[in-house]
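*Asks:* Residue numbers (this note's numbering): 37 to 135. Heads up, the beta-carbon is just placed ideally off N, CA and C, and yes, glycines get one too. So that we are looking at the same thing, I have put the structure below in structure tokens.
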């Protein structure tokens, strides 16, 4: 995802909320953040739940558009970029792997 947006020279930030990770995800994200200044890791020692993690991520977001993706990246980057372009004329755009 980082290389996709870098190639298109667009402003973006990727916020990764880690809440009580015990699978090593936090170490991987923190290591990647050293090399990618647009990757913003937020680490919390206790589980926040999906809703709590979303709220924390939303509170730190600074961009004009806000995109929420699960860690398994369910939407191909090219489709995500298309959704963002379409959002210019909309208040809300929703994409789902199930539709």
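#1: Give me the Cβ distance between residue 80 and residue 54, rounded to the nearest whole Å; I'm assuming they're in contact under 8 Å.
#2: Quick check: what's the CA-CA separation for residue 112 versus residue 133?
#3: Give the DSSP bridge partners of residue 80, in chain order.
#4: I'd like to know whether the C-beta atoms of residue 48 and residue 67 end up nearer to each other than 7 Å.
#5: Quick test of your reading: residue 76 and residue 38, contact by CB under 8 Å. State the CB separation rounded to the nearest angstrom.
#6: Using a Cβ-Cβ cut-off of 7 Å (strictly less than) and excluding sequence neighbours within five positions of residue 63, which residues of its own chain qualify?
#7: Roughly how far, in whole angstroms, is the beta-carbon of residue 101 from the beta-carbon of residue 123, given that I think they are within contact range, below 8 Å?
#8: To which residues does DSSP link residue 111 through a beta bridge?
#9: Strictly by DSSP, which residues pair up with residue 128?
*Replies:* In brief:
#1: Position 44 of the chain shown, counting from 1, holds the residue named residue 80. Position 18 of the chain shown, counting from 1, holds the residue named residue 54. Contact holds; Cβ gap of about 7 Å.
#2: In the chain shown, the residue the question calls residue 112 occupies position 76. In the chain shown, the residue the question calls residue 133 occupies position 97. Rounded to the nearest angstrom, the two C-alpha atoms are 10 Å apart.
#3: Along the chain shown, one-based indexing puts residue 80 at 44. The partner list for residue 80 (beta bridge, DSSP) reads 55.
#4: The count along the chain shown starts at 1 and reaches residue 48 at position 12. The count along the chain shown starts at 1 and reaches residue 67 at position 31. No, these two residues do not count as a Cβ contact at 7 Å.
#5: Here residue 76 is taken as the residue at index 40 of the chain shown, counted from 1. Here residue 38 is taken as the residue at index 2 of the chain shown, counted from 1. 12 Å between Cβ atoms; not a contact.
#6: In the chain shown, counting from the first residue as 1, residue 63 sits at position 27. So the list is empty, once near-sequence residues are dropped.
#7: Along the chain shown, one-based indexing puts residue 101 at 65. Along the chain shown, one-based indexing puts residue 123 at 87. The pair is a contact, with the Cβ atoms about 6 Å apart (cut-off 8 Å).
#8: For this step, residue 111 is matched to residue 75 along the chain shown. DSSP lists no partner for residue 111.
#9: Along the chain shown, read from residue 1 onward, the residue named residue 128 stands at position 92. Note: residue 128 sits in no beta bridge, so no partner.
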